[in-house]
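The sequence shown begins at 40 in the numbering used here and counts up by one.
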Amino acid sequence: MKSVKVNQNNLNDYSDIWVIGELNDGKIHPVTVELIGKGKELINNLTGKKLNVIIIGYGVQNSAEKLLHYGVDKVLYVEHNLLKSFNTDYYVKAITDLIEDRKPEIVMMGSTYTMKDIGPRIAARLGTGLISDCTELEIDSSDGKLIQTKVSFGGNLLSSAICPNNRPQMVTVKPGVMNKAERSEEASGKIELVIPKLSENDTRLNLILKEVLEKKQVNLDKAKIVVSGGRGLKEAAGFDLIRELAEVLNGEVGASRVPIEAGWIDSSHQVGQTGVTVKPDLYIACGISGAIQHQAGMYQSKYIVAINKDPNAPIFKICDYGIVGDLYEVIPQLIESIKEKRMF
Ligand SMILES: Cc1cc2nc3c(=O)[nH]c(=O)nc-3n(C[C@H](O)[C@H](O)[C@H](O)COP(=O)(O)OP(=O)(O)OC[C@H]3O[C@@H](n4cnc5c(N)ncnc54)[C@H](O)[C@@H]3O)c2cc1C
Numbered sequence: 040m041k042s043v044k045v046n047q048n049n050l051n052d053y054s055d056i057w058v059i060g061e062l063n064d065g066k067i068h069p070v071t072v073e074l075i076g077k078g079k080e081l082i083n084n085l086t087g088k089k090l091n092v093i094i095i096g097y098g099v100q101n102s103a104e105k106l107l108h109y110g111v112d113k114v115l116y117v118e119h120n121l122l123k124s125f126n127t128d129y130y131v132k133a134i135t136d137l138i139e140d141r142k143p144e145i146v147m148m149g150s151t152y153t154m155k156d157i158g159p160r161i162a163a164r165l166g167t168g169l170i171s172d173c174t175e176l177e178i179d180s181s182d183g184k185l186i187q188t189k190v191s192f193g194g195n196l197l198s199s200a201i202c203p204n205n206r207p208q209m210v211t212v213k214p215g216v217m218n219k220a221e222r223s224e225e226a227s228g229k230i231e232l233v234i235p236k237l238s239e240n241d242t243r244l245n246l247i248l249k250e251v252l253e254k255k256q257v258n259l260d261k262a263k264i265v266v267s268g269g270r271g272l273k274e275a276a277g278f279d280l281i282r283e284l285a286e287v288l289n290g291e292v293g294a295s296r297v298p299i300e301a302g303w304i305d306s307s308h309q310v311g312q313t314g315v316t317v318k319p320d321l322y323i324a325c326g327i328s329g330a331i332q333h334q335a336g337m338y339q340s341k342y343i344v345a346i347n348k349d350p351n352a353p354i355f356k357i358c359d360y361g362i363v364g365d366l367y368e369v370i371p372q373l374i375e376s377i378k379e380k381r382m383f
């Protein structure tokens with residue numbers, strides 16, 4: 040496959056902030072709206088730049104129109120019948136060509152499976168840098184460069200980077216970290232159809248079969264209440280208790296990384312640096328010590344309750360309410376008292 044490098048000589052040729060939006064079965068992925076929220080904040084510190092969203096697929100005009108309600112300047116919708124289903128090669132080529140043509144200064148993508156697949160390939164073709172899994176982005180007021188911050192060294196450091204000599208400045212951002220842009224009843228901005236130059240020779244992939252795994256949808260990032268279990272559960276069956284508590288509270292089930300690695304629960308439940316970032320009203324950590332990598336994904340919760348038999352567990356330093364005790368004694372009592380209260 041041909042590798043392309045843009046002329047990086049004149050940084051002044053590059054302008055505007057782009058969000059590469061993501062659609063799942065026609066639905067706008069929440070991280071797209073979060074990135075628009077961040078983009079609006081960044082644009083306030085950049086004079087004369089515009090905030091554009093790019094979406095890609097086939098028959099996506101309707102989604103483009105919906106995105107105009109979030110106050111962006113323009114939505115470019117890239118359509119081609121070869122883009123009907125996700126194909127790394129086609130998506131990479133279509134977006135790379137568009138970036139080369141329009142020259143955005145900043146390109147933001149969600150840290151999702153799709154964007155993590157295509158983002159680094161696009162950056163490599165453009166000969167620019169990409170910082171993945173950013174948790175904070177800001178504009179340096181002295182020179183207008185994007186300061187890209189992420190958790191590093193196993194969660195022990197926050198490191199910030201800039202991309203001084205190449206454009207665009209590319210980042211992926213973890214879902215659930217940035218605040219969503221507010222939807223307005225009025226749509227502003229414009230939509231523009233882009234038809235990419237694609238042919239079947241542009242891919243090395245041949246889609247033989249598409250199989251959707253039967254999996255219960257885990258909506259951790261949107262949940263108001265999350266009940267998480269850790270190593271303290273001791274076995275997979277311990278999650279029955281966590282599920283029961285989550286159910287009476289109408290919440291979702293989360294987990295630390297230990298139960299995921301032990302195969303007690305699916306990885307889609309993992310909260311933390313390498314899992315999902317959650318910001319619920321209530322987060323209940325059961326048998327979780329509170330390692331920094333776990334905290335990275337839940338410290339923004341409004342109220343944190345910890346149940347742990349070790350009074351010195353680090354989780355007690357960040358929780359609002361702590362219960363020192365055996366979770367197998369505490370949780371059944373909690374469930375009972377919640378059920379009793381519901382009866383009145
Ligand atoms: C690069 C990197 C990325 C990582 N990413 C993540 C991530 O995204 N998410 C994540 O969670 N971890 C992540 N980790 C792992 C992390 O460092 C910890 O190892 C992990 O979070 C510990 O999980 P835990 O709290 O369940 O287990 P432990 O630290 O072993 O804690 C178990 C706790 O259960 C308590 N306990 C035991 N029995 C009971 C009982 N009967 N009742 C009540 N309490 C009890 C113990 O007192 C203890 O505090 C990452 C690590 C690295 C290096």
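Built from N, CA and C at the ideal position, the CB exists for glycine as well.
| Check | Outcome |
| --- | --- |
| Which partner residues does T37 have in the DSSP bridge list? | Nothing in the structure corresponds to residue 37, since the chain is present only between 40 and 383. |
| Are the CB atoms of P214 and E80 nearer to each other than 8 Å? | no |
| To which residues of the same chain is G364 closer than 7 Å at the C-beta, ignoring the five residues directly before and after it? | I346 and K348 |
| Pick helix, strand or coil for T251, following the three-state DSSP scheme. | Note that residue 251 is Val in the sequence shown, not Thr. In the structure shown, V251 sits in coil (DSSP, three-state: anything other than H, G, I, E or B). |
| Mind checking who I67 pairs with in its DSSP beta bridge? | L62 |
| Within the chosen definition, does the region 200-211 reach the region 139-148 through at least 3 CB pairs nearer than 8 Å? | yes |
| Quick one: what's G324 bridged to in DSSP? | Checking the sequence, you will find Ala at residue 324 rather than Gly. For A324, which the question treats as bridged, DSSP gives the partners S267 and A345. |
| Would you kindly check if the distance between the Cβ of S180 and the Cβ of T188 is under 8 Å? | no |
| Give me, in chain order, the residues of the same chain whose beta-carbon lies closer than 8 Å to that of L122; leave out the 5 immediate sequence neighbours on both sides. | I95, G96, Y97, Y129, Y130, A133, P235 and L237 |
| Please state if the CB of S227 and the CB of L107 are separated by a distance shorter than 8 Å. | yes |
| Which residues count as close to ligand 1 when the rule is a CB under 5 Å from any of its heavy atoms, in chain order? | G193, G269, R270, G271, S295, R296, V297, G311, Q312, T313, G314, G326, I327, S328, A330, Q332, H333, N347, K348, D349, A352, D365 and L366 |
| Cα-Cα, which of P159, I186, C358 and F125 is closest to N84? | I186 |
| Hey, how far is the Cα of S376 from the Cα of V369? | 11 Å |
| From the DSSP output, which residues share a beta bridge with V310? | V315 |
| Keeping to the same chain, check which residues put their C-beta closer than 6 Å to that of V216; ignore five residues upstream and five downstream. | T174 and T316 |
| Among the residues of its own chain, which have a CB less than 6 Å from the CB of M154, if the five just before and after it don't count? | M148 and T211 |
| Applying the criterion that 16 or more other CB atoms from any shown protein chain within 10 Å of the CB defines a buried residue, is T86 buried or exposed? | exposed |
| How would you label M40, buried or exposed, when you count the other beta carbons within 10 angstroms and need 16 or more for buried? | For M40, the pLDDT reaches just 45, beneath the cut-off of 50, and the residue's location in the model is therefore unreliable, leaving the point undetermined. |
| Give me, in chain order, the residues of the same chain whose beta-carbon lies closer than 8 Å to that of S340; leave out the 5 immediate sequence neighbours on both sides. | V265, V317, K318, P319, D320, L321 and Y322 |
| Could you have a look at S102 and say whether DSSP puts it in helix, strand or coil? | helix |
| If distances are taken between C-alpha atoms only, which option among T313, Y109, K261 and G290 comes closest to F192? | T313 |
| By a C-beta neighbour count over all protein chains shown, 10 Å radius and 16 as the cutoff for buried, is L196 buried or exposed? | exposed |
| In this structure, how does DSSP classify L246 when only helix, strand and coil are distinguished? | coil |
| Using 10 angstroms around the beta-carbon of R381, count the other beta-carbons present and answer buried if the total reaches 16, otherwise exposed. | exposed |
| According to the Cβ coordinates, are V251 and L137 closer than 8 Å? | no |
| Can you give me the C-alpha to C-alpha distance between R282 and I374, rounded to a whole angstrom? | 11 Å |
| What residues in its chain sit with their C-beta under 6 Å from that of L284, if we drop five residues either side in the sequence? | V266, I370 and I374 |
| Looking at the strands, I want to know which residues DSSP matches up with Q208. | I145 |
| Going straight from the alpha carbon of C358 to that of A335, what length do you get? | 14 Å |
| In its own chain, which residues sit with a C-beta less than 8 Å from the C-beta of S42, not counting the 5 before and 5 after it? | Here the model assigns S42 a pLDDT of 48, short of 50, so the residue's position is not dependable, and the following value carries that caveat. A163 and R164. |
| So, at 7 Å on beta carbons, what are the nonlocal neighbours of G65 in its own chain, with the 5 sequence-adjacent residues on each side left out? | S102 |
| Classify N240 as helix, strand or coil using the three-state DSSP reduction. | helix |
| How long is the line joining the alpha carbons of Y53 and K89, rounded to whole angstroms? | 12 Å |
| Out of Y152, P353 and L244, which one is the CA nearest neighbour of D172? | Y152 |
| Taking the alpha-carbon positions, what's the I161 to T127 distance? | 10 Å |
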